[in-house]
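Novice: If you scroll down you'll find the structure; I have some questions about it.
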Amino acid sequence: MRRMKLSDLQAQKRQIFIEMMQRGALKRMPRTRPRDPEEEQVLNRLAHLRWNRWLQNGTLVILAPRRWRLNLPPEND
């Protein structure tokens, strides 16, 4: 059996994982356990605050009652 450094193996596995994520081969499974009502309220509040912050700084633009655009900064390549 071929010997290999653990760090080399981890780097190789990480690269494979990143490629699979970019291809969309790995999908996250939906949650099966219902959320705690308090946790759900906190998450809804955080989403609402994020939405309002995006509206205020121009990241989110409302185009019509059911249409909007999210202006994301360009990715650094």
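Going by the working numbering, the first residue of the sequence shown is number 348, and it counts up by one from there.
Backbone N, C-alpha and C fix where the C-beta goes; we use that ideal spot for every residue, glycine too.
These numbers were taken from a predicted model, which means no experiment stands behind them.
(1) Just reading off the alpha helix (DSSP H) that Leu396 is part of, what are its end residues?
(2) Rounded to a whole number of angstroms, what is the C-alpha to C-alpha distance between Met376 and Arg350?
(3) Tell me, which residues are paired with Arg416 by DSSP?
(4) Can you tell me where the alpha helix (DSSP H) with Arg361 in it begins and where it stops?
(5) Would you kindly work out how many angstroms separate the C-alpha atoms of Asn418 and Trp398, rounded to a whole number?
(6) Using the C-alpha atoms, what's the distance from Lys352 back to Asn391?
Specialist: On the basis of the data shown:
(1) 384-404
(2) Taking the straight line joining both Cα atoms gives about 35 Å.
(3) According to the DSSP secondary-structure assignment, Arg416 is paired through a beta bridge with Val408.
(4) Where Arg361 is concerned, the enclosing alpha helix (DSSP H) stretches over 353-370.
(5) 13 Å
(6) Here the alpha carbon of Asn391 sits roughly 45 Å from the alpha carbon of Lys352.
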